[in-house]
Each structure stands twice: as structure tokens, then as C-alpha cells.
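To start, the structure under review is shown below, and the notes come after it.
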Amino acid sequence: MFSCKEQSLCIWLVSILQTEIQHKLNQLLFIDLHTAIVLNI
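Going by full-length UniProt numbering, the letters in the sequence shown line up with residues 1 to 41, in that order.
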């Protein structure tokens, strides 16, 4: 079983990872969108 400290650390790490992943996905989507706009012009 996790202690409270370990559990809160895990939750903290997961939330940071989710934020990082979301940021990377947003960058990729933005690049794809930008490329699509450039190619259409």
C-alpha cells in the first residue's frame, strides 16, 4: 500500500506528465494545422 506521501507524489507526477503530453499534442496539432493552411494556399 502507498503511504500518503508516496500517493500524493504519484498523483503530482501523473498530473505533470499529463500536462506535458497535452502540451506536446497541442504543438503537433498546431504544426499540422499550420502545414495544412500553408499547403492549401
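Ideal Cβ positions, reconstructed from N, Cα and C, are used throughout, including at glycine.
Cα-Cα separation, residue i to residue j
i	j	result
T35	I11	36 Å
I37	T19	27 Å
K24	S8	24 Å
K5	Q22	26 Å
I16	D32	24 Å
L13	S3	15 Å
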